[in-house]
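Numbering follows the working numbering, with no gaps: position 68 of the sequence shown is 68. Ideal Cβ positions, reconstructed from N, Cα and C, are used throughout, including at glycine. All remarks here apply to the structure that follows.
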Amino acid sequence: MYGPPLQSIAVNTDSLGQFRDVGWLHFGFDPNLLKWVDHALPHARETVAAPENAEWLRCGGTWFVGVNLLPNDSRGRIENSDSICGEVVSFLEQNYSSVGFDLDQAQISVCYPGYPKPSASESDSAYRYRQNRDAAHIDGLLATGTNRRRYLKEPHAYVLGIPMTDFCADAAPPVIWESSHRIARTRFREFFSDIPPEKWSEVDLTDIYQALRIEVFEQCPRKRLQLKRGESFLVHRLTLHGISPWAETATAGPDGRMICYFRPKFRNLQDWLCAP
Ligand SMILES: [Fe+2]
Numbered sequence: 001m002y003g004p005p006l007q008s009i010a011v012n013t014d015s016l017g018q019f020r021d022v023g024w025l026h027f028g029f030d031p032n033l034l035k036w037v038d039h040a041l042p043h044a045r046e047t048v049a050a051p052e053n054a055e056w057l058r059c060g061g062t063w064f065v066g067v068n069l070l071p072n073d074s075r076g077r078i079e080n081s082d083s084i085c086g087e088v089v090s091f092l093e094q095n096y097s098s099v100g101f102d103l104d105q106a107q108i109s110v111c112y113p114g115y116p117k118p119s120a121s122e123s124d125s126a127y128r129y130r131q132n133r134d135a136a137h138i139d140g141l142l143a144t145g146t147n148r149r150r151y152l153k154e155p156h157a158y159v160l161g162i163p164m165t166d167f168c169a170d171a172a173p174p175v176i177w178e179s180s181h182r183i184a185r186t187r188f189r190e191f192f193s194d195i196p197p198e199k200w201s202e203v204d205l206t207d208i209y210q211a212l213r214i215e216v217f218e219q220c221p222r223k224r225l226q227l228k229r230g231e232s233f234l235v236h237r238l239t240l241h242g243i244s245p246w247a248e249t250a251t252a253g254p255d256g257r258m259i260c261y262f263r264p265k266f267r268n269l270q271d272w273l274c275a276p
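And the structure:
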């Protein structure tokens, strides 16, 4: 399952401390990562354009959601490409030993000018939340049934983002609420304290999830991420995050604002609350 060891790259010893503190990390330009992006981009384009994937286009045609569609292997390789590389890989291997760098197929998230537009598949209140609160969410807490109650269905270990295109700062950038993972971890630890992990996915956590988001909006600074090709960023699995609306003056190329996200899952559910 794990590939050959990668060349060891020094990780800034402050990185883990910063990640624990603010719930996200930015990794600077790496020419080898840009090489991976250049190789992966035509595959991502082909995937986005494929008629069988048209159902992933949401928000009135302004957001291609593209979950788990990039045809990569567990090291991020596509056909004969190199593995994903760089300081972020070393960081993940060192700090997430139970998952390490065993990747899922990446989400290809593409926003286009006008994001977000209303659509029949989204309620008025959900649309307003998307416009006014960046559709802020924690990954993996999926809404089910007609009453949209939330359950922990996908215990992601982390969210690794890799910008695939260049886009201006107002072109629907990712948004995070700094240090929100600490509030979320505290609240979920309290909530799950008397419930065995094998039952966690069956417990309705809608109310506590809504309450902790309000707490985050009141206490945590909202930060819009500025990103360039060849860079990467890591978001803590419990960090509240979303997508800022596309500003009227914002521009991007014909591929839109494209970011690939890797979100491998923990095998041991307890890691969702206990791992770094
Ligand atoms: Fe997300």
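Residue i vs residue j beta-carbon contact at 9 Å
{"i": "PHE191", "j": "THR251", "result": "no"}
{"i": "ASP139", "j": "ARG237", "result": "yes"}
{"i": "ALA106", "j": "LEU70", "result": "yes"}
{"i": "TYR127", "j": "LEU234", "result": "no"}
{"i": "SER201", "j": "LEU273", "result": "no"}
{"i": "VAL89", "j": "PHE64", "result": "no"}
{"i": "TRP24", "j": "GLU215", "result": "no"}
{"i": "ALA143", "j": "PHE217", "result": "no"}
{"i": "ASN225", "j": "ILE176", "result": "The identity of residue 225 in the sequence shown is Leu, whereas the question assumes Asn. The answer is yes: Cβ separation under 9 Å."}
{"i": "LEU205", "j": "ILE183", "result": "no"}
{"i": "ILE84", "j": "LEU33", "result": "yes"}
Residue i versus the options, residue with shortest Cα-Cα distance
{"i": "TYR261", "options": "ASP204, LEU160, ALA211 and ARG229", "result": "LEU160"}
{"i": "TYR112", "options": "ARG263, HIS236, LEU273 and THR249", "result": "THR249"}
{"i": "VAL37", "options": "ARG77, VAL67 and LEU69", "result": "ARG77"}
{"i": "MET164", "options": "GLY230, GLU93 and ILE243", "result": "GLY230"}
{"i": "ILE146", "options": "GLN131, ILE162 and GLU122", "result": "Note that residue 146 is Thr in the sequence shown here, rather than Ile. When each option's Cα is compared against that of THR146, the closest is GLU122."}
{"i": "ASP82", "options": "GLY100, PRO31 and ALA247", "result": "PRO31"}
Paired residues, beta bridge with residue i - DSSP
{"i": "MET258", "result": "VAL110"}
{"i": "TYR151", "result": "LEU142"}
{"i": "PHE27", "result": "SER232"}
{"i": "TRP177", "result": "ARG222"}
{"i": "PRO163", "result": "ILE259"}
{"i": "ALA252", "result": "PHE167"}
Residue-chain proximity (residue i, chain C), Cβ-Cβ < 9 Å
{"i": "ARG20", "result": "Among the chains of the structure shown, chain C does not appear; only one protein chain is present."}
Length-filtered (3 minimum) beta strand (DSSP E) runs lying within the stretch 34–119: 107–111
Whose beta carbon lies closer than 7 Å to any heavy atom of ligand 1, going through the chain in order? HIS137, ASP139, VAL159 and HIS241
What ranges does the alpha helix (DSSP H) occupy inside the stretch 181–249, keeping only unbroken runs of at least 4 residues that lie completely in it? 206–219
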